[in-house]
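Take 63 as the starting number for the sequence shown in this note's numbering and just add one per residue.
Quick notes on the structure that follows.
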Amino acid sequence: MRITFLNPIGEVGGGERVLLAAIRGAREHLPGARLDVVLFAGGPLEAEAERLGAAVTVVPLPASLAGLGDTRLRESGRPRTLARLRFGWTALGEAPAAVGFVRRLRAALRRSAPDLIHSNGLKTHVFAAVARPRGVPVLWHLHDFLSQRPVMVRLLRRLTLGVARGIATSEAVLRDAEAVLPGLPISLVLSAIDPDHFAPADRDGAELDRLAGLEPAGPGVVRVGLVATYANWKGQDVFLDALARLSATGPPVRGYIVGGPIYATAGSQFTRDELERRAAANGLASRVGFVPFQPDPADVYRMLDVAIHASTRPETFGLTIAEAMGCGKPVVVSAAGGAAELFT
63 MRITFLNPIG EVGGGERVLL AAIRGAREHL PGARLDVVLF AGGPLEAEAE
113 RLGAAVTVVP LPASLAGLGD TRLRESGRPR TLARLRFGWT ALGEAPAAVG
163 FVRRLRAALR RSAPDLIHSN GLKTHVFAAV ARPRGVPVLW HLHDFLSQRP
213 VMVRLLRRLT LGVARGIATS EAVLRDAEAV LPGLPISLVL SAIDPDHFAP
263 ADRDGAELDR LAGLEPAGPG VVRVGLVATY ANWKGQDVFL DALARLSATG
313 PPVRGYIVGG PIYATAGSQF TRDELERRAA ANGLASRVGF VPFQPDPADV
363 YRMLDVAIHA STRPETFGLT IAEAMGCGKP VVVSAAGGAA ELFT
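Below, the structure written as structure tokens:
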């Protein structure tokens with residue numbers, strides 16, 4: 063058995079931790095299988111996948127294609143029409159780059175000679191369907207609410223031939239995908255964590271202060287933190303605004319924003335500078351620490367007193383919620399989408 067996993071980025075976010083869990087599971091339950099990973103960009107995910115025994119190949123997606131996305135097309139009104147026209151014109155201009163990339167990806171897939179292709183992101187869904195060797199089935203791992211992606215969903219509808227099945231990370235994602243991709247068989251496969259790894263353990267919160275470049279917090283200070291990519295719907299702005307209100311009326315508190323920007327799609331994420339300026343505007347410059355991506359988030363949760371999930375759009379699952387709870391931490395959650403399913 064040969065399985066090739068495709069992922070659009072080389073950084074590690076929630077979707078990539080799900081991918082690593084899938085590789086780990088395949089290694090455990092199919093010990094004789096050959097596992098290949100093809101990434102569209104290099105990054106720490108390479109070493110993580112190799113550590114699990116997978117062979118990793120990077121087929122770089124041209125920057126112009128990596129930055130192309132329909133994230134901004136959710137807005138209503140006339141600007142949306144103009145944005146769609148601009149998007150279509152830009153996409154048309156990138157056709158030669160896309161053709162060249164498909165050739166390179168097809169060559170990589172021929173070398174890995176898979177029996178199954180597992181696609182883990184929207185861009186890989188598209189290119190896997192186009193570049194797959196003849197007769198090789200594709201599995202789409204669905205981590206997005208497709209109904210919110212107006213251009214992408216139209217494209218995916220035209221590419222389901224050869225896609226054997228989709229797997230949805232939550233009931234909410236399943237219902238959404240079934241509505242917009244009615245011809246595709248889709249199964250519910252919930253994301254999961256390793257309870258032996260994400261388990262309570264003592265960790266000194268002062269280490270989190272050090273990672274954030276802050277002086278150690280004083281006695282009685284409550285450490286609250288948001289662990290997420292800088293995607294602009296993950297709610298770092300909401301977290302900072304809430305922290306400002308809490309700091310004015312509540313107990314002594316220090317906030318931590320843990321993560322960073324991992325996507326290339328234009329307009330899809332905050333920058334650290336933007337978040338630092340918002341913190342300063344809220345009078346939080348000395349009360350908020352910014353911690354870069356941590357390869358093992360379990361230790362981060364253990365150093366917090368409270369974990370915050372502040373997503374401003376429905377979450378497809380909410381892996382950080384499960385991880386923090388596994389580490390024995392209380393979590394404040396935006397109750398929508400897959401996140402709400404963890405409690406109801």
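Here a beta-carbon is modelled for each residue, glycine too, at the ideal position from N, C-alpha and C.
Since the structure is predicted, the reported quantities are computational estimates derived from the model, not experimental observations.
| Check | Outcome |
| --- | --- |
| Counted within 10 angstroms of its Cβ, other Cβ atoms place residue 378 as buried (16 or more) or exposed | buried |
| Separation of residue 370 from residue 294, as counted between CA atoms | 16 Å |
| Spatial neighbours of residue 488 in its chain, beta-carbon cut-off 7 Å, leaving aside the 5 residues before and after | Coverage of the chain is limited to positions 63 through 406, which leaves residue 488 absent and any answer about it impossible. |
| Rounded separation between residue 180 and residue 317 - CA only | 38 Å |
| Within 8 Å, strictly: CB atoms of residue 286 and residue 374 | no |
| Identity of the residue in 66, 72, 185, 176 nearest residue 197 by Cα | 176 |
| Distance, residue 70 Cα to residue 103 Cα | 7 Å |
| Status (buried if at least 16 other CB within 10 Å, exposed otherwise) for residue 82 | buried |
| Neighbourhood of residue 389 by C-beta, 7 Å cutoff - its chain only, sequence neighbours within 5 removed | 260, 261, 262, 360, 363, 364 |
| Three-state class that DSSP yields for residue 79 in the structure shown | helix |
| The alpha helix (DSSP H) enclosing residue 192, as first and last residue numbers | 184-193 |
| Within 8 Å, strictly: CB atoms of residue 123 and residue 185 | yes |
| Identity of the residues DSSP links to residue 228 by a beta bridge | 202, 248 |
| With 16 other Cβ atoms within 10 Å as the buried cut-off, status of residue 238 | buried |
| Reduced DSSP category for residue 222 - H, G, I as helix; E, B as strand; rest coil | coil |
| Reference residue 224; option with closest CA among 116, 199, 212, 204 | 199 |
| Element boundaries [beta strand (DSSP E), containing residue 117] | 117-120 |
| Closest by C-alpha distance to residue 250, when choosing among 111, 322, 227 | 227 |
| Residues near residue 187 by beta carbon distance below 7 Å, same chain, minus five either side | 181, 202, 218 |
| Residue 291 beta carbon less than 8 Å from that of residue 321 | yes |
| Straight-line Cα distance separating residue 351 from residue 281 | 17 Å |
| Cα-Cα separation, residue 137 to residue 276 | In this prediction, residue 137 has a pLDDT of 49, which is less than 50 and means its spatial position is unreliable; nothing more can be read from the coordinates. |
| DSSP state of residue 291 mapped onto helix, strand, coil | coil |
| Same chain only: Cβ atoms within 6 Å of residue 189, ignoring 5 sequence neighbours per side | 167 |
| Cα-Cα separation, residue 344 to residue 120 | 42 Å |
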